[in-house]
Amino acid sequence: MGETKLKAKLVSIRYTSPDQMFMVGTFLQSDTYHRFVGAGKLSAPEVDFEYELIGHFGEHPRYGTQFMIEGAQKILPTQKEAIIAFLSSSRFPTIGKKSAEKIYETFGEDTLSRLSEDPSLLKQLDGFPKKKIEIIEEGLAAFAGFSKTYLELVELGLSERQIQTLEEQYDNVLDVLQDDPFTPYYEVYGFGYKSSEKVADHLNIDLRDFRRIDARIHEAIQSHTMKSGDTFIEYAPLRAMFSGLNQEDFEESLQRLIEKERLEYDRGKFYPYHLLSEEKTIARSILEHQFKVEPIDEAILEEKIEEVEFAYAIEYDPTQKKAIKEFFNHSFMILNGGPGTGKTTIVKGILALLKSLFPSAIVQLCAPTGRASKRLYQLSQNDSKTIHSLLQWNLEDNSFKKNENDPLDIDFLIVDETSMVDTHVFSQLLLALPSHTRILLIGDEDQLESVGPGKVFNDLIDSKQFPLIHLEKIFRQSSGSGIPLLAQNIREETRCHYEDGVKFQACRSYDVMSMITQYLQRMNRFEREKVQIIAPKYKGSAGIDAINQTLQLLLNPPAPDKKEWKIGTYLFRENDRVMLLKNMPEDDVYNGDMGVIVQIENSVISVDFGEQIVDFDQDILYYLTLAYCISVHKSQGSEYSNVICVVADQANFMMNKRLLYTAISRAKKELLLLGDQRLFEEKVRQANTSIRRTTLQEKLDPKLALD
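So for the sequence shown, UniProt numbering puts the first residue at 1; every next one is plus one.
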């Protein structure tokens, strides 16, 4: 795609987010008078000013043809009236019209360009104060805004944000890029391969250059692990990806990447992201956390459990009692079970006993998502945090403040929804724990695995190295008891039952929307707020996007007292239910958290997430989306009173046993399945064919873990 330079006047501003220097505006091309829409990075845009734009025309999927602005610089006025108006504007305090006219009469149409290059020329004017010369110099510098280096970086295809990020990282960005344009790809969090490749194109680096080859191989390995969830790739399939590259160049590239610590290698396997080191860290740390604990007298423990049963009006079955006793007799333990099997009841008992038996101990609960953490707090009334918050995650460089050098102060750690925790996060959590910390991992091995590489929870279970309690008996006997029963049917691959809170409504994809609408219209507002719709696919008539647009109109229609903000075809309205798409640790809200828009004012959307209100005034579509309907992955770690689960034939190729099991187990009281029943029952017996490959299990062998 060719880069274009053109001069155009900014006619009007449609949207701007000053902090990110992003804008959408209407421009008038200077030589052809062609009117067009421009969108991209433009610092402090001003209407009626002419700009030199760098970028290209392209098609936006929602907004149509636009000029994608990659760089922009204001053009100084050259006509007499414009120059005088410019110099006497508020940009140059104390410079009045008479002074401006005097300057123009001296230097003519080239006034501004000449003064930009050499402000000292103003000394030629008789009696022109030194202070005014400084004001004009500062004003012209601010107007130009960008250094020569900046413009060179823009011409290399970098955006405003990328330039700022690189300048914070390197003393001389140009030197770094010219030496190897892929250096930021390896070293700077958030700087991608495509951006570096774009710079390499601008620098005319040969496609056979070793720097390109190294980066292509590295990217192929990273892409494989992110797509598959594997923590490594073996030599043979990697070589097959680069069959057109001669053997010597391929081998040398791998060797360079390993020597520069951009890849890790072990016994024929190549690991990106330091995943080999992180698997070793997990194995070593868990073994360190397996130590003998002082046993509690059996009779005392039995008596304490009876006190908990009386206090909570419950009766633990033998397996649940065994789980509690195992926890107090081991330093590390795993609790695995599906919905309705009593995990929460066990945790309540453990927490009560900890207060009684270890009153001065520091107990910490955590979970991988904000929703899961808040649910854990609500159920236990004990302090609970997200893992990222607990480790004091730094968004800017993807690092954690808490680590082996600055550990957490915790005696007992309980981690919920552990199946969602990937290799990287789990290794960082273990590094930050003191050696005396006792650990309980809770999860459901049948749920979807982590988004990032690895299958930590399943590997720990399958290793058979640790105390483990499997919960299988279903305890929910009140409303919604059919939900854990259906989950059990799916796990055991027996005939599906739809009863006691579970209903299957057969319909085609094109009928899903009307079925949802009819179902919700029979409810009052209070009941509707308890319903969460979950679907596996974003596009299509039964997809997440279409359902959100329809339900926004149904559940939160426009009204005179409700303010709206439309960005292209996307619309936010006060009282909308929304979901956060990015982690924001500084505000203690995280990817997947849901809230309600409480106010839209002056291009700021304020969202109430329950415990805090967060303002969004930039890149709204980057941070928020409507959440009347959400994806199965986004729902993981959460529970909802009532769930409508879309299983229409439109999403045929996306559905499998793990995904559907996770979806239906989000419901607590009522579950309505909409779609193709035959297809659903076929898919819940269709296991995920792409089994994640890791080497954590072999490293959990005490002999190998110390290698």
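Virtual Cβ for every residue (Gly too), placed ideally from N, Cα, C.
One alpha carbon belongs to E134, the other to L122, and they sit about 10 Å apart. According to DSSP, F616 shares a beta bridge with I605. In terms of CA proximity to P237, I217 leads the group E252, D249, I217. In the DSSP annotation of this structure, the continuous segment of the alpha helix (DSSP H) that includes L555 starts and ends at 544-555. A distance below 7 Å between beta-carbons, with the five flanking residues on each side excluded, links H424 to the following residues of its chain, in chain order: Y273, E278, G452.
Counting other Cβ atoms within 10 Å of its Cβ, K292 stays below 16 and is therefore classed as exposed.
In this structure, DSSP gives I644 an extended state, which the three-state scheme calls strand.
The stretch 27-42 makes contact with the stretch 5-18, as at least three CB pairs between them are under 8 Å.
The straight-line gap separating the alpha-carbon atoms of K325 and T341 is approximately 17 Å.
Look at I296 here: in three-state DSSP terms it is coil, with no helix or strand label.
Of T106, I95, V502, Q290, the smallest CA-CA separation from L700 is found for Q290.
Taking every protein chain shown into account, the CB of R267 has fewer than 16 other CB atoms within 10 angstroms, so this residue is exposed.
Taking the Cβ atoms as the reference, I387 lies roughly 14 Å from L440, outside the contact range of under 8 Å. Note: R692 is not bridge-paired with any residue in the DSSP secondary-structure output.
One Cα belongs to S116, the other to I83, and the distance between them is close to 13 Å.
For V451, the three-state secondary structure derived from DSSP is coil. When rounded, the separation of the alpha-carbon atoms in L263 and W393 is 24 Å. When only Cα atoms are considered, T418 and D444 end up about 8 Å apart.
When secondary structure is reduced to three states using DSSP, I567 falls in the strand class.
Rounded to the nearest angstrom, the Cβ distance from V37 to I13 is 11 Å, too far for a contact under 8 Å.
With 16 or more other Cβ atoms from the protein chains shown falling within 10 Å of its own Cβ, K74 counts as buried. The DSSP-derived three-state label of Y185 is helix. Around the CB of G55, 16 or more other CB atoms lie within 10 Å, so the residue is classed as buried. CA-to-CA, the gap between L486 and M654 works out to about 20 Å.
For Y519, the enclosing alpha helix (DSSP H) covers residues 512-521. DSSP lists L580 as the bridge partner or partners of L624.
V598 is classed as exposed because its beta carbon has fewer than 16 other beta carbons within 10 Å across all chains shown. Checking the DSSP bridge columns, you'll see H60 partnered with G64.
Excluding sequence positions up to five before and after Y193, its CB lies within less than 6 Å of the CB of Y185, E219, all in the same chain and listed in chain order. Beta-bridge analysis with DSSP links D406 to N403.
Less than 8 Å divides the Cβ of E167 from the Cβ of V173. Nearest in C-alpha terms to Q677, of all of V647, T662, A651, is V647. Excluding residues up to 5 positions away in sequence, V308 lie with their Cβ nearer than 6 Å to the Cβ of A352 in the same chain. Relative to A651, the option among T16, I95, K582, R508 whose CA is nearest is R508. In the three-state scheme derived from DSSP, where H, G and I count as helix and E and B as strand, Y590 is classed as coil.
Counting only the Cα atoms, L156 lies some 56 Å from Q488.
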